[in-house]
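In this note's numbering, the protein residues as written are 1 to 141. We put the beta carbon where it would ideally sit given N, CA and C, even for glycine. One structure is given below, encoded as structure tokens.
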Amino acid sequence: MSTLSPFHLAIPVYNLKECQTFYRDILGCEEGRSSDHWVDFNFFGHQLVIHYKPNEENNKIHSNAVDGKAVPVPHFGVVLNWDVFQTFAEDLKAKNIQFIIEPYIRFKGLVGEQATMFFHDPSGNALEFKAFKDMNQLFAK
């Protein structure tokens, strides 16, 4: 696999200060530039920008069934090193993150074995973090 370029992702949040604290203090992302309407973060080597957007009461949550679990759509996140994932998951548990899907192992002992977990930020954006036992199997069929 070639070296990946950092992605840029801008997401809406309806409480800028609360989400700023979440990404900085809970997820451990380094804060970059900011204004009174947006904040940049180093999101595991990628550029994530949270932008203020008023809360819309009619936002419907959608999910797809995967492994008998309700996976939120849309969602985003990062593929971490296996050991980093385990440490990160334990840290999130210690910080009392309410998981949509608790950390678990998919395809145990099979091609594509991976750890995964899902949770929301304070504005309801769904995040998935995962790790592959063998990173070379990231796109394996």
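Three-way DSSP call (helix, strand, coil) for residue i in this model
| i | result |
| --- | --- |
| L16 | helix |
| T3 | coil |
| A89 | helix |
| H8 | strand |
| I97 | coil |
| N81 | coil |
| I26 | helix |
| N136 | helix |
| A131 | strand |
CA nearest to the CA of residue i, picked from the options
| i | options | result |
| --- | --- | --- |
| E56 | S123, A89 and F132 | S123 |
| E30 | C19, F43 and Y14 | F43 |
| H62 | H75, G68 and I105 | H75 |
| D36 | P72, E90 and V13 | V13 |
| F85 | A115, K108 and K93 | A115 |
| F107 | F118, I97, A131 and N125 | A131 |
| F139 | E113, F22 and K60 | E113 |
| D83 | M135, K141 and T21 | M135 |
| F34 | L110, L27, D25 and Q20 | Contrary to the premise, residue 34 reads as Ser rather than Phe in this sequence. The option with the nearest alpha carbon to S34 is Q20. |
| F119 | G77, G109 and V111 | G77 |
| V66 | L80, G28, L27 and M117 | M117 |
| D40 | A10, K93, A94 and L110 | A10 |
Whole-number beta carbon distance between residue j and residue i, since they are thought to touch under 8 angstroms
| i | j | result |
| --- | --- | --- |
| F129 | F88 | 7 angstroms |
| K69 | I101 | 5 angstroms |
| P6 | H46 | 5 angstroms |
| W38 | Y23 | No, W38 and Y23 are not in contact; Cβ-Cβ is about 12 angstroms, not under 8 angstroms. |
Span of the beta strand (DSSP E), counted from its first residue to its last, around residue i
| i | result |
| --- | --- |
| K69 | K69 to V73 |
| V111 | Counting along the chain, V111 falls outside any beta strand (DSSP E), and DSSP gives it neither H nor E. |
| I50 | H46 to Y52 |
| N64 | H62 to V66 |
| N42 | W38 to F43 |
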